Amino acid sequence: MGAAPVDPRSTAAWASLTRLADGFTPDLRRWFADDPDRTDRLSYDAGDLHVDLSRNLLSAEVLDALVALGAEVGLPARRDAMFRGDQINVSENRAVLHTALRRAADSNLVVGGADVVEEVQTVLRRIYAFADDVRSGTWRGFTGEAIRTVVNIGIGGSDLGPVMAYEALKPYAQAGLECRFVSNIDPTDAAETLAGLDPATTLFIVSSKTFGTLETLTNARLCRAWLVDGVRAVADGAPADADIVARHFVAVSTALDKVAEFGIDPANAFGFWDWVGGRYSVDSAIGTSLAVAIGPERFEEFLAGFRTIDEHFQSAPLERNVPALMGLLNVWYTNFLGAQTHAVLPYAQSLHRFPAYLQQLTMESNGKRVRWDGTPVTTDTGEVFWGEPGTNGQHAFYQLIHQGTRLVPADFIAFATPTYPLADGATDVHELLLANFLAQTRALAFGKTADEVRAEGTAEAIVPARVFPGNRPTTSIMAPALTPSVLGQLIALYEHITFTQGVVWGIDSFDQWGVELGKQLAVQIAPALAGDADVLAAQDTSTQAFVRYYREHRQR
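In short: position in the sequence shown from 1, add 2, done, that's this note's numbering.
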């Protein structure tokens, strides 16, 4: 399965970090007081992203050891191998080339005898032509009406990326053109998504690399039946199903035979490659719905944002390399300070799906128990990523972050220019939002002492309840505005953070075998729910009990 990775525990840097963690007592108040240059020294720029690491539990010695750890585990070499197209996804014997999706059009990268950049550009040109046709009204539905709603049908990376990016970039979407998304096999998802839509003006994009994903194909069939029934009700004569489907369905897939079998013209299928993992695919044909919504020019800006961070990650030395430093910091918290979760807290409602997107990116990538050579991992791996937009989270779970017993490193994300510059009388509401962004990171870092609480006249009996211990680590990220380019930069930043951690832990961050077993068992169990006694008898007693309960209580 490939040459053995470096065991991080064998490195001199790991020994240094172990020593530094022993009895480690952070004191951000003192560190800031004693070092007026701390913020300048620990702030970095990558593209349009201004990143402040100064409120992390980070001393000069820890930072030096983390940078040394990256070097000793071979992070630069592994990074270069990824960009070069080496087959670093060893369990699937594949290259890892999501970065090729956003390379400059005039560049080239030959892998396996093929110029992958030219292949990518060929697909992009087809996507852009299709997007222009839909946006201009050239592409029309079966009854001759222009498309007003695009429904993306996918799951996992074929859904989380497009819906997150669409929600983030809604202000750039063409007026009168809406995107909706169906992913869950729960029929409620399809029913509620289709509610209120006009079949004659609705276009579906079925996103499935193999065109065999159970949830996606089930939802696609539900949507196809809804479409055919709806169009036939208003169309002249008795049009054939295939004629209706041809004007209202396109596919993102490489399985053209299955696409055709479904009823979609293979000429209206946009492909991608096995070197693109689903959770790394929003900038591929999987982003077709986004390209339709915001247009080819803005989609190109989106890709350029990715490329900006790719180039930074490739070229910046480790001690100034923002994704590498943030990934190494996560290793410090996970492996040395006992953190198990990581919060991502965007102070931008438009990024309300960004934490969910990062859950797949990080947890599907690094939730592994074997290294890339098949041997057991030697350290803890992965973190639980989670979060909600501020200020909503402040009224929900910030209590635990501020005064709980768990260490929760948190990334705060904000923008200087608001998407909607609204005022409440004389108050700029965006400034009120940013005041919360700044206040929370300050409170988490520096807290409030018992003496400070007493000085406010607080009764002694409740002083302990009002003490904030501080020394809660945060990273602050700010950009000028949430543009297509900046969104691409943010996504690429976390892609490379995830990669960095995977290299340290020696795992293959690009396979996802843990997803497969439950999917296989679901197919096996389904006949029992429909009444197959033999299949039911083959299940464990708990499964049998729930199947019986279901059959007794299902109302039809």
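Note that the Cβ used here is the ideal one computed from N, Cα and C, for glycine as well.
All of these numbers come straight from a predicted model, not from anything done at the bench.
Which class does TRP388 belong to by DSSP, given the choice of helix, strand or coil?
Reduced to three states, the DSSP call for TRP388 is strand.
For ALA6, which option in ARG40, ARG80, ASP161, TYR46 has the closest C-alpha, if you only look at C-alpha atoms?
Each of ARG40, ARG80, ASP161, TYR46 was checked against the Cα of ALA6, and the nearest Cα belongs to ARG80.
Report the residue from GLY146, LEU327, GLY239 whose alpha carbon sits nearest the alpha carbon of ASP66.
When C-alpha distances from ASP66 are compared across GLY146, LEU327, GLY239, the shortest belongs to LEU327.
Between GLN526 and GLY214, what straight-line distance do the alpha-carbon atoms span, to the nearest angstrom?
Rounded to the nearest whole angstrom, the C-alpha separation of GLN526 and GLY214 is 16 Å.
Where does the unbroken alpha helix (DSSP H) through MET328 begin, and where does it stop?
324-333 is the span of the alpha helix (DSSP H), which, as asked, contains MET328.
For ASP312 and ILE157, what's the separation of their Cα atoms in angstroms?
Between ASP312 and ILE157, the C-alpha separation is close to 26 Å.
Would you identify the three-state DSSP class for LYS370, choosing helix, strand or coil?
Three-state DSSP puts LYS370 in coil, outside helix and strand.
Assigned exposure category for TRP515 - 16 Cβ within 10 Å defines buried
Taking a 10 Å sphere around the C-beta of TRP515, we find fewer than 16 other C-beta atoms and assign the residue as exposed.
Identify the residues that DSSP records as bridge partners of LEU51: which are they?
LEU51 has ALA48 as its beta-bridge partners, per DSSP.
Using the Cα positions of PHE439 and TYR349, report the straight-line distance between them to the nearest angstrom.
Cα atoms of PHE439 and TYR349: separation of roughly 7 Å, rounded to the nearest angstrom.
According to the neighbour-count rule (16 or more other Cβ atoms, all chains shown, within 10 Å of its Cβ), is ASP375 buried or exposed?
Result: exposed.
Rounded straight-line distance, which links the Cα of ALA227 to that of GLN342
Straight-line Cα distance between these residues: approximately 45 Å.
Is ALA287 near ILE266, with beta carbons less than 8 Å apart?
Contact: no.
Taking Cβ to Cβ, would you say ALA106 is nearer than 8 Å to ARG300?
8 Å or more divides the Cβ of ALA106 from the Cβ of ARG300.
What did DSSP end up calling THR124 once you bin it into helix, strand or coil?
Look at THR124 here: in three-state DSSP terms it is helix.
Identity of the residue in ARG182, ARG104, ILE509 nearest MET365 by Cα
It is ILE509.
Compute the beta-carbon to beta-carbon distance between PHE304 and LEU489, rounded to the nearest angstrom, for a pair I have assumed lies under 8 Å.
Contact between PHE304 and LEU489 holds, with the beta-carbon distance rounding to 6 Å and staying under 8 Å.
Secondary structure at ARG474, three-state DSSP: helix, strand or coil?
Coil, per DSSP.
Reduced DSSP secondary structure (H/G/I, E/B, other) of GLU180:
Note: GLU180 maps to strand in three-state DSSP.
DSSP beta-bridge partners of THR151:
Bridge partners of THR151: GLU180, THR204.
Return yes when the Cβ of VAL64 is within less than 8 Å of the Cβ of GLY163, no when it is not.
Contact: no.
Three CB pairs or more closer than 8 Å across the region 458-467 and the region 266-276
Cβ pair count under 8 Å is below three, so no.
Checking the sheet assignment: what are the DSSP bridge partners for VAL75?
As computed with DSSP, VAL75 is found in no beta bridge at all.
Could you tell me which residues DSSP puts in a beta bridge with ILE415?
According to DSSP, ILE415 bridges with PRO348, ILE479.
Name the DSSP beta bridge partners of PRO423, please?
Answer is none; PRO423 lacks a bridge partner.
Please check the pair PHE356 and THR20, which I expect to be a contact at CB under 8 Å, by giving their CB distance rounded to whole angstroms.
The pair is not a contact, with the Cβ atoms about 34 Å apart (cut-off 8 Å).
Thinking ALA102 and ALA293 are a contact (beta carbons under 8 Å), I'd like their distance in whole angstroms, please.
Not quite, the Cβ-Cβ distance comes to about 18 Å (not below 8 Å), so this is no contact.
Looking only at its own chain, which residues have a Cβ that is under 6 Å from the Cβ of GLN361, when we skip the five neighbours before and after it?
Correct list, in chain order: PHE387.
The beta strand (DSSP E) that contains VAL252, what's its start and end?
For VAL252, the uninterrupted beta strand (DSSP E) segment begins and ends at 251-254.
Per-residue DSSP class, three states only, for ALA14:
Note: ALA14 maps to helix in three-state DSSP.
Taking the alpha carbon of GLU466 as the reference point, which residue from LYS450, ALA481, ASN473 has its own alpha carbon closest?
The sequence shown places Pro at residue 466, rather than the Glu named in the question. Scanning LYS450, ALA481, ASN473 for the CA closest to the CA of PRO466 turns up LYS450.
Alpha helix (DSSP H) containing GLY504: first to last residue?
Run containing GLY504: 486-507, per the alpha helix (DSSP H) assignment.
Count the other CB atoms, across all protein chains shown, that sit within 10 Å of the CB of GLU554; report buried if there are 16 or more and exposed otherwise.
GLU554 counts as exposed, since fewer than 16 other beta carbons sit within 10 angstroms of its beta carbon.
Closest to SER185 by C-alpha separation, out of THR203, SER209, LEU205, would be which residue?
SER185 has its Cα closest to that of SER209, out of THR203, SER209, LEU205.
Three-state secondary structure (DSSP) of TYR429
First, the residue type needs correcting, since residue 429 is Thr and not Tyr in the sequence shown. Under the three-state reduction of DSSP, THR429 is assigned to strand.
Nearest candidate by alpha-carbon position, reference ALA447, set LEU55, SER18, ALA15
Nearest option by C-alpha distance: LEU55.
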